[in-house]
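**Student:**
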Amino acid sequence: MRIHSLRTRISLVFVLLLLVVQVTAFVAINTVIASNARRNVDDQLAVGERVFQQVLHSNGEKLTQAAGVVAADFGFRAAVATHDQKTVASALQNHGDRVNADVVMLVGLNGKLIADSHHPGRAGETFAFPALIRMAELKGDASIVGIINDRPYLLVAVPVKAPLVVAWVTMGFAIDNALAQEMRNLSGLDVSFLGSANGARWSILATSLPPAVREPLLDTIGSTPAAQLHAAAPRLAKGARDGDYGMRVVKLASDGEPVLVVLQRSLKESMEPFRRLQTTLIVLTLIGVIVSIVGSWFTARSVTRPIRALTDFSRRIGQGDYTQPIEASHDDEVGELATAFNQMREGIAEREGRIMDLAYLDRLTGLPNRALFNDRLQQAISVALRLGHPLSAMMMDLDRFKYVNDTLGHHIGDLLLCEVGKRLRATLQRSSDTVARLGGDEFAILLPTDDVFAAKIVASRLLRALEEPIIVEGQVVDVGASIGIVTCPENGSDMHVLLRRADVAMYAAKRANSGYAVYNERDDQHSAERLSLMSELRQAVERDELTLYYQPKVDLVTHAVKYVEALVRWDHPVRGFIPPDDFIPFAEQTGYIKAVSRWVANKAISQCATWRAMGIDLKVSINVSARDLMHAELPETFDRLLRKYALPANCVWVEITESAIMDDPNHAIETLDALHRLGIRLSIDDFGTGYSSLSYLKRMPVDELKIDKSFVMGMADDRDDETIVRSTIDLGHNMGLKVVAEGVETEAVLDHLKTLRCDLAQGYHVSRPLPPEKLEVWLTQWHEENNVETETTAGLTDLSEEPT
343 MRIHSLRTRI SLVFVLLLLV VQVTAFVAIN TVIASNARRN VDDQLAVGER
393 VFQQVLHSNG EKLTQAAGVV AADFGFRAAV ATHDQKTVAS ALQNHGDRVN
443 ADVVMLVGLN GKLIADSHHP GRAGETFAFP ALIRMAELKG DASIVGIIND
493 RPYLLVAVPV KAPLVVAWVT MGFAIDNALA QEMRNLSGLD VSFLGSANGA
543 RWSILATSLP PAVREPLLDT IGSTPAAQLH AAAPRLAKGA RDGDYGMRVV
593 KLASDGEPVL VVLQRSLKES MEPFRRLQTT LIVLTLIGVI VSIVGSWFTA
643 RSVTRPIRAL TDFSRRIGQG DYTQPIEASH DDEVGELATA FNQMREGIAE
693 REGRIMDLAY LDRLTGLPNR ALFNDRLQQA ISVALRLGHP LSAMMMDLDR
743 FKYVNDTLGH HIGDLLLCEV GKRLRATLQR SSDTVARLGG DEFAILLPTD
793 DVFAAKIVAS RLLRALEEPI IVEGQVVDVG ASIGIVTCPE NGSDMHVLLR
843 RADVAMYAAK RANSGYAVYN ERDDQHSAER LSLMSELRQA VERDELTLYY
893 QPKVDLVTHA VKYVEALVRW DHPVRGFIPP DDFIPFAEQT GYIKAVSRWV
943 ANKAISQCAT WRAMGIDLKV SINVSARDLM HAELPETFDR LLRKYALPAN
993 CVWVEITESA IMDDPNHAIE TLDALHRLGI RLSIDDFGTG YSSLSYLKRM
1043 PVDELKIDKS FVMGMADDRD DETIVRSTID LGHNMGLKVV AEGVETEAVL
1093 DHLKTLRCDL AQGYHVSRPL PPEKLEVWLT QWHEENNVET ETTAGLTDLS
1143 EEPT
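Those letters in the sequence shown? Residues 343 to 1146, per my numbering, in order.
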């Protein structure tokens, strides 16, 4: 027999399990038997205690009645009254013999013995149990246990009245081994009477115990005070054992030496009824083990035979042989297992197909995922290069999708992505085209046979498909998209290069808000030159290599110049002058615009404070990006700078674009409110080019609108631009706002703006952006040429006008 074979192990497991069960059952049942035996002993001790108390009380009653007969005898009372000692002694003796009393005494009112039937010579001695007399005086009669000549007695006392109490009759029965044995016969318990003279070790006064167990009893009790033994009796009765005995202690009412009664029950005798049950359990356990050995062997054999067949079948499956099924001849679990193996064989091909789907399909939209798209794109590139036909790919990103997620929740965002996927799939008309979801709100489209012109047409169709609002669970969601287009081989023949460049084109379309854009190398922010430029920008800010130029804003009524806009300039030590449009957009994308904005704010507020100290009254405008508006600490930054340079807050204007506000209007309005509470003036830059709602404009604490230069520059020749400018000026004035026109480059435009009652003008016709020292010279010349009275800070009477 092989020890490691399954058959042997099954047999051993069965036998061991049965042994464990049988042994556990035996131990459990034996424990219950022992517990029941102890519980029976405790119950018997409790009942025995009540029987003992009843017997003791009954004996006391008999004594009391006998003593009462003596005390009521007329002749006895007369003898007591006349102090006839002989008659009294004779009467006591006769009545004591009649009731088998062991002790009969007469006690005077002075507590002295008048007569003692068994010890005549004690007459005149003090009665040894005064507590008995005191109890009888209170109750009319009383009983206690007392020790006389080292023997316990049950004593009673009744009064002798003639008619007042003239003496006390006391009778007693001896408490001896005979009484203890009688108690045992009545209760079935061993009874022991114990005494302790002067607090010494307890001694046995009378008992029904065999001599062999008397000393262990005394060892158990020791010299523990009676009060503690009696108080602990209930707990000892439940748990304590003296050898093979259960024990309960009862303290008897006594006068003088304390007396205890110990009731005991042999646990061995209590267990006798259960011995047969224990023997039966042992026999059944042995029979069960033998049967289990034989049965487990046959069971193991019946189990291992089909398992061997299943093992052979599994080897064939592992080798790729799915042709031969296993015979499921059993109707039990083994047969079910064989059926399951057959189903496994049949389902492997199906599951492999499903695994491929899971690996290559997006779970949310059901569209191809990035892995499948990359695979198809790689194959399409190989075919296009081999056959010489064009190929186009697109990257598409949803506009404001993060705002949808943050506002309506990710569940709505997921449903929106599913609906967008359906619309994109429905727009593509050829089965060879692929639309895939790469992750998040980013989609990709593969047009394996289209050139750039055809790709533009498809991109336009995709954008139109998304123009119609999408309703998701009752929520109307207006979603737009930005698409980047690349072609092969014009923009590359490597899959990774094409995808990266499509991504670049997509972000170019997003920045230009043009819907789609074809890849242009100038937009490639990931080129080495762009990456180097971003690194050098960090160094320029850290080394204070940037400079600020200031472009004045002219009041079209007074020709005064009280406002300038701070514009950052970068004169690179190697590259020369770098236009802001070449590095500001990329600083916004990388998040470094925050550091640039802090630098600009610090320099502009410092310069404004310097002008103010020089007596030049100029208020400076500072541009803030969308990323800056999302930072809650922006107001704190401005407040800290104003305090640092001791500049009034109304000397600073903050300019923000419409698009920056609409990225997250609620957050933006909170930031603008905080700036406004500081006293900083707010201006909306490039107004008219975004998609802001008038409801948001009404909520924003702005003081000024700046009309975008694209409308101002063309207003002299284009009636539509002129209408937009006129409407914006009227709108701003009706809302109590100043209106600034930027991009003023001709005298004709300037005169037209005056006619339309525009408040301020800014542009090259007025002045180019100038460094601070040149601006100061220009400012003096401008005021002289236009007869403008120069107002210095020394003459200002109100520098704290509130924003309108």
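Built from N, CA and C at the ideal position, the CB exists for glycine as well.
Do residue 339 and residue 1055 have their C-beta atoms closer together than 8 Å?
**Tutor:** Nothing about residue 339 can be read from this structure; the chain reaches only from 343 to 1146.
**Student:** So what does residue 760 bridge to, in DSSP terms?
**Tutor:** Note: residue 760 sits in no beta bridge, so no partner.
**Student:** Would you please state the rounded distance, in angstroms, between the beta carbons of residue 979 and residue 943? I believe it to be under 8 Å.
**Tutor:** About 7 Å separates the two Cβ atoms, so the contact holds.
**Student:** To the nearest angstrom, how far is the alpha carbon of residue 911 from that of residue 1113?
**Tutor:** So the two alpha carbons sit approximately 10 Å from each other.
**Student:** Quick check on the burial criterion: 16 or more other C-beta atoms within 10 angstroms. Buried or exposed for residue 833?
**Tutor:** Per the 10 Å Cβ criterion, buried.
**Student:** Rounding to the nearest angstrom, what Cα-Cα distance links residue 752 and residue 817 in this structure?
**Tutor:** Using only the alpha carbons, I get a separation of about 13 Å.
**Student:** Over what stretch of residues does the beta strand (DSSP E) that includes residue 987 continue unbroken?
**Tutor:** From DSSP, residue 987 is part of no beta strand (DSSP E) but of the alpha helix (DSSP H) over 976-987.
**Student:** Tell me which residue opens and which closes the beta strand (DSSP E) that residue 735 is part of.
**Tutor:** Residues 733-741.
**Student:** Leaving out the 5 sequence neighbours to the left and right, which residues in its chain are closer than 8 Å to residue 404 when beta-carbon positions are compared?
**Tutor:** So the list reads 441, once near-sequence residues are dropped.
**Student:** Quick one, are the C-beta atoms of residue 517 and residue 499 less than 8 Å apart?
**Tutor:** No, these two residues do not count as a Cβ contact at 8 Å.
**Student:** How close, in whole Å, do the beta carbons of residue 843 and residue 866 come, if the pair is a contact with beta carbons under 8 Å?
**Tutor:** That belief holds up - the Cβ atoms of residue 843 and residue 866 are roughly 7 Å apart, short of 8 Å.
**Student:** Do residue 1068 and residue 1098 come within 8 Å of each other at the CB atom, strictly closer than that value?
**Tutor:** Yes, they are a contact pair.
**Student:** Apart from the five residues just before and just after residue 902, which ones in its own chain have a Cβ nearer than 6 Å to its Cβ?
**Tutor:** Excluding residues within five positions, the ones whose Cβ falls inside 6 Å are 1130.
**Student:** Can you have a look at residue 1000 and say buried or exposed, based on whether 16 or more other CB atoms are within 10 angstroms of its CB?
**Tutor:** Per the 10 Å Cβ criterion, buried.
**Student:** Tell me the DSSP secondary structure of residue 376 in three-state form.
**Tutor:** It is helical.
**Student:** Would you report the Cα separation of residue 580 and residue 481, rounded to the nearest angstrom?
**Tutor:** Summary for residue 580: the model assigns pLDDT 37, below 50, so the residue's position carries little reliability; its value from the coordinates is reported in the next sentence. Cα to Cα, residue 580 sits roughly 36 Å from residue 481.
**Student:** Quick check: residue 521 and residue 563, are their CB atoms within less than 8 Å of each other?
**Tutor:** Result no, Cβ atoms of residue 521 and residue 563 do not sit closer than 8 Å.
**Student:** Report the rounded CA-to-CA distance for residue 566 versus residue 414, giving the unit in angstroms.
**Tutor:** Roughly 44 Å separates the two Cα atoms.
**Student:** According to DSSP, which residues form a beta bridge with residue 710?
**Tutor:** Bridge partners of residue 710: 703.
**Student:** Ignore the nearest five residues each way along the sequence and tell me which others in residue 741's own chain have a CB closer than 8 Å to its CB.
**Tutor:** Taken in chain order, the residues that qualify are 821, 822, 823, 824, 852.
**Student:** Using 8 Å for Cβ pairs, my map puts residue 947 next to residue 984. What's the rounded Cβ distance?
**Tutor:** Correct: roughly 7 Å between the Cβ atoms.
**Student:** Could you give the DSSP three-state label for residue 1176: helix, strand or coil?
**Tutor:** As shown, the chain starts at 343 and ends at 1146. That puts residue 1176 outside it, with no answer to give.
**Student:** I'd like to know whether the C-beta atoms of residue 890 and residue 945 end up nearer to each other than 8 Å.
**Tutor:** Yes, the pair counts as a contact, with Cβ atoms nearer than the cut-off.
**Student:** Suppose contacts are defined by Cβ-Cβ distances below 8 Å. Is residue 597 in contact with residue 473 by that definition?
**Tutor:** Closer than 8 Å, so yes.
**Student:** Kindly indicate which residue of 1020, 806, 1072, 831 has the alpha-carbon position closest to the one of residue 725.
**Tutor:** If we check each option's Cα against that of residue 725, 831 comes out closest.
**Student:** Do you know how far the Cα of residue 390 is from the Cα of residue 397?
**Tutor:** The straight-line gap from Cα to Cα measures roughly 10 Å.
**Student:** To the nearest angstrom, report how far apart residue 677 and residue 669 are at their CA atoms.
**Tutor:** When rounded, the distance between both Cα atoms is 8 Å.
**Student:** I need the straight-line Cα distance from residue 393 to residue 605, nearest angstrom please.
**Tutor:** Spanning the two alpha carbons is a distance of roughly 11 Å.
**Student:** Within the chosen definition, does the region 505-519 reach the region 612-623 through at least 3 CB pairs nearer than 8 Å?
**Tutor:** Because the criterion of three Cβ pairs below 8 Å is not met, the region 505-519 and the region 612-623 do not touch.
**Student:** Residue 770 and residue 829 look like a contact to me (Cβ under 8 Å); what is the Cβ gap, rounded to whole Å?
**Tutor:** 17 Å between Cβ atoms; not a contact.
**Student:** Do residue 861 and residue 839 have their CB atoms nearer than 8 Å?
**Tutor:** No; because the gap between Cβ atoms is not below 8 Å, this pair is not in contact.
**Student:** Could I get the ranges of all uninterrupted beta strand (DSSP E) runs contained in the region 477-542, with 3 residues as the minimum, in chain order?
**Tutor:** You should have 484-490, 493-503, 507-516, 532-537.
**Student:** Since residue 798 contacts residue 827 with CB under 8 Å, what's their CB separation in whole angstroms?
**Tutor:** Sure, about 7 Å apart at Cβ, within 8 Å.
**Student:** Should residue 1104 go down as buried or exposed, given a rule of 16 or more other Cβ atoms within 10 Å for buried?
**Tutor:** Answer is buried; the Cβ neighbour count reaches 16.
**Student:** Which same chain residues end up closer than 7 Å to residue 1141 when comparing Cβ atoms and leaving out the 5 residues on each side of it in sequence?
**Tutor:** The predicted model places residue 1141 with a pLDDT of 34, which falls under 50 and marks its position as unreliable; any figure quoted below should be read in that light. For residue 1141, where only same-chain residues beyond five positions count, the Cβ hits under 7 Å are 990, 992.
**Student:** Can the beta-carbon of residue 359 be found less than 8 Å from the beta-carbon of residue 631?
**Tutor:** No. Outside cutoff.
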